[in-house]
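Asker: Numbering (my numbering) for the sequence shown: 3 to 32.
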Amino acid sequence: MTILFVLMAACALGGGLSLTSALLDGTRHF
């Protein structure tokens, strides 16, 4: 596994987690 692959995977996971957390926060308020 190269550093670039790890960075891309981390970015993809971070983006997905931030999106899901934002959606969960939005549903919590309602």
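Backbone N, C-alpha and C define an ideal beta-carbon position, used for all residues, glycine too.
Remember, it's a predicted structure, so these values are computed and weren't measured experimentally.
Could you give the DSSP three-state label for T22: helix, strand or coil?
Answerer: Here residue 22 refers to the residue found at position 20 when the sequence shown is read from its first residue. Three-state DSSP puts T22 in a helix.
Asker: Could you check what DSSP says for T4 in three-state terms: helix, strand or coil?
Answerer: Working through the sequence shown from its first residue, we reach residue 4 at position 2. In the three-state reduction of the DSSP assignment, T4 falls in the coil class.
Asker: Please report the straight-line C-alpha distance between L6 and A12, rounded to a whole angstrom.
Answerer: What you label residue 6 is simply residue 4 of the sequence shown in a count that begins at 1. What you label residue 12 is simply residue 10 of the sequence shown in a count that begins at 1. So the two alpha carbons sit approximately 10 Å from each other.
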